[in-house]
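The UniProt record's numbering puts the first residue of the sequence shown at 1, with every later residue one more than the last.
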Amino acid sequence: MPPDTVSLRYFLVLAQELNFTRAAARIGVAQPALSARMRRLESELGTALLVRNTRSVVLTTAGAALAESAPPALAALDRAWDTARSAAAGELGTLRIGYSLSTGAGTTPALVDRLIRDNSGLEVAAVPMATPEISPAVADGRIDAGITRGEQPGRGVRRFPLRRLRVGVQLAQHHPLAGHPEIEIADAAAYPLRLPDRAANPVIHDQLSALFRDTRPHPRFHTPAVSFDMSQRDLRDGITLAPAGEAAATAQPAGLTWRPLRDAPGLTIHLVLPREQSPLHHRIRAVARTLAHELHWLPD
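This is the structure:
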């Protein structure tokens, strides 16, 4: 059996001092305890490590070999312990985050960047997914965390508010309403309104369409043939509006702008984690909470 590491570390101090009294004082143990440790270490190895007399201590050939080879072995063992502790604390491993494309304008990149920056041993893989698939994937362990808009349904998960967004509309810069700092809901309802496909995100589709439930005449809704078009081509007609959270204002294609809708309820982006959480999940939650506070993503 390999020797215990405590005795081995004591031996290395003694090999440097070559004096039991000084070595015991340096370690902080009684000299008889140090002597007993060395006898047990020699017994475990089956060979003498030291030649002792009343005035000196000399290393044997085996003792000199052990004094030379033990430090790198102990350093490797220390690294292994540190690695295990880091993994147990959620600081190591691969973190798989699923996110909806609608949260990719700023929320997901900011969280991924902070996770990588603050946890050098953590590898983060962010994967775009259809919103209805995210909570089930978190629940069954296919991904470790998710970022979604709205209170998405799903069992076996917990949702934490990550960011609160004002609701407004995307529109062409030459649109008749673009000159307004805020737009009345009734005024927006007079124009064609593009909504996300309900199959892609029923929660957000229903929340956005509900904004116009009481307007008359009833607005004209349509959904695009392409669920996520970075160029926003259908808005360039100068007529169509697209209800959207304010994150859209940070990643506008040329020629488009965003204006808030007056008195519209906000949209909430959630961090989705499994109900039973590991240290890695606690790490994600802590980083997300700190980031949300620093960037004022949530009301105080």
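For every residue, glycine included, the Cβ atom is placed at its ideal position computed from N, Cα and C.
| query | result |
| --- | --- |
| So threonine 61 packs on valine 51, CB below 8 Å; how close in whole Å? | Not confirmed; about 11 Å, so no contact. |
| When the Cβ atoms of the stretch 154-172 are set against those of the stretch 252-267, are three or more pairs found closer than 8 Å? | yes |
| DSSP has glycine 98 in a bridge; who is on the other side? | Val127 and Gly146 |
| Taking C-alpha atoms, which residue in Arg40, Ala76, Pro72 and Gln173 lies nearest to alanine 254? | Gln173 |
| If you check the beta carbons only, do glycine 98 and isoleucine 134 fall under 8 Å apart? | yes |
| Could you check which residue in Glu184, Thr108, Arg159 and Ala188 has the C-alpha nearest to that of leucine 241? | Ala188 |
| Using CA coordinates, which residue listed in Trp297, Pro192 and Ala15 is at the minimum distance from isoleucine 269? | Trp297 |
| Sort Glu182, Glu151 and Asp4 by Cα distance to glutamate 246 and report the nearest one. | Glu182 |
| With a Cβ-Cβ cutoff of 8 Å, do leucine 77 and glycine 150 count as a contact? | no |
| Relative to the C-alpha of arginine 194, which residue among Leu111, Asp144 and Phe212 is closest? | Phe212 |
| How far does the beta strand (DSSP E) with threonine 268 in it extend, from its first residue to its last? | 267-274 |
| Is it true that the stretch 271-291 meets the stretch 115-129, where meeting means three or more beta-carbon pairs spaced less than 8 Å apart? | yes |
| Report back the beta-carbon spacing between proline 265 and arginine 164 to the nearest angstrom; my notes put them in contact at under 8 Å. | So it is not a contact: roughly 10 Å between Cβ atoms. |
| Report the partner residues of glutamine 170 according to the DSSP bridge assignment. | Ala242 and Trp258 |
| Between valine 203 and histidine 281, what straight-line distance do the alpha-carbon atoms span, to the nearest angstrom? | 25 Å |
| As an exercise, report each continuous beta strand (DSSP E) stretch of at least 3 residues that is fully enclosed by the UniProt domain "HTH lysR-type" (3-60), in chain order. | 50-52 and 57-59 |
| Could you give the residue range of the beta strand (DSSP E) that holds residue 303? | Residue 303 is absent from the model: the chain starts at 1 and stops at 300. |
| Among all the DSSP beta bridges, which residues are the ones paired with leucine 195? | None; leucine 195 has no bridge partner. |
| Are glycine 63 and alanine 15 close, meaning C-beta to C-beta below 8 Å? | yes |
| Buried or exposed: which applies to serine 69, given that a residue is buried once 16 or more other Cβ atoms fall within 10 Å of its Cβ? | exposed |
| Residues in the same chain with beta-carbon distance under 8 Å from isoleucine 185, minus the five sequence neighbours each way, listed in chain order, please. | Leu211, Phe212, Thr215, Leu261, Arg262, Asp263 and Ala264 |
| Which term fits alanine 125, buried or exposed, when burial requires 16 or more other beta carbons within 10 angstroms of its beta carbon? | exposed |
| When burial is assigned at 16 or more other CB atoms within 10 Å of the CB, is asparagine 119 buried or exposed? | buried |
| According to DSSP, is leucine 295 helix, strand or coil? | coil |
| Could you give the DSSP three-state label for leucine 111: helix, strand or coil? | helix |
| To the nearest angstrom, how far is the alpha carbon of proline 192 from that of proline 109? | 31 Å |
| Just to confirm, are threonine 107 and threonine 131 a CB contact at a threshold of 8 Å? | no |
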